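Input: a single structure, listed below in structure tokens.
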Ligand code: PRP
Ligand code: URA
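Numbering (this note's numbering), first residue to last: 36 to 254.
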């Protein structure tokens, strides 16, 4: 019997598909065009919280001893140097969720804007904390479309000396995953969904539209 090759849908880049029932529920309502901006913000926060938990599963720990009211106990505490890096502006909708579980994390900002016609991202802002060589960077950018913005953000962090970079997004397109894979194969991607692809305007299908506009009501 003949064997028909199936298209490979498993990306080679380390992609963590975070398919928690709560993330799948929230992404469905994020996609819904009738979802209001205030609900959109709450849903984005909820998905980001679960992504942050998944993306920080393997942070360094150190042994610790504490006195309980009854006796001494041994345990572990986080020994991680984390920087959260939102890609402006849509990434701002994910920052608070990460800081909820890592309140001591430092925050760096990268401003990137896609050209409306070419979809090529250009940088308009950057403010990163000093001395990032021992940091784990969590880039938060909800949409991974062409991957141009993600690759630009990753390159900026690599140039700043970061060696452990993880990308948290809410909707990823195969094209964006491939672009990250080609430019930075060690970067781990955390996403609840991988969508079908991009349309002619480089928007994700089925996607959820323009994340920043829906988050801030600028449609
Ligand atoms: C959106 C989104 C990503 C980028 C993804 O930002 O938040 O940063 O597009 O597309 P890409 O993978 O093709 O680069 P946008 O440029 O629309 O800016 P905004 O966040 O200010 O709305
Ligand atoms: N940016 C968005 O906000 N949405 C897309 O579908 C693609 C890029």
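Note that the Cβ used here is the ideal one computed from N, Cα and C, for glycine as well. Every value quoted in this text rests on a predicted model; they were computed, and no experiment measured them.
query	result
Determine the extent of the alpha helix (DSSP H) in which residue 77 is found, giving its start and end residues.	72-90
Once the 5 residues before and after residue 248 are set aside, which same chain residues still bring their CB inside 8 Å of it?	254
Please enumerate, following chain order, all residues with a beta carbon closer than 5 Å to at least one heavy atom belonging to the ligand URA.	178, 180, 238, 239, 242, 245 and 246
Indicate whether the contact test is met: 3 or more Cβ pairs, each with one atom in the segment 148-155 and one in the segment 175-184, closer than 8 Å.	yes
So what does DSSP say about residue 189, is it helix, strand or coil?	helix
Does at least one heavy atom of the ligand PRP sit under 7 Å from the Cβ of residue 98?	no
Entirely within the segment 114-184 and at least 4 residues each: give me those alpha helix (DSSP H) ranges in chain order.	127-136
For residue 100, does the count of other Cβ atoms within 10 angstroms reach 16, so buried, or fall short, so exposed?	exposed
I need the DSSP call for residue 238, collapsed to helix, strand or coil.	coil
Got a sec? Which residues, its chain only, sit under 7 Å from residue 131 by beta carbon, not counting five neighbours each side?	80
If you compare alpha carbons, which of 216, 206 and 215 is closest to residue 65?	206
Short check: CB of residue 54 to CB of residue 227, under 8 Å?	yes
The ligand PRP heavy atoms versus the CB of residue 149: any closer than 7 Å?	yes
Could you pull out every residue in the same chain whose Cβ sits closer than 7 Å to the Cβ of residue 82, ignoring the five residues on either side in sequence?	58, 61, 62, 205 and 227
Taking the Cβ atom as the reference point for each residue, do residue 188 and residue 174 lie within a distance shorter than 8 Å?	yes
Out of curiosity, what's the CA-to-CA distance linking residue 115 and residue 242?	34 Å
Buried or exposed, going by whether 16 or more other CB atoms sit within 10 Å of the CB of residue 112?	exposed
Among 84, 153 and 105, which residue has its Cα nearest to the Cα of residue 119?	84
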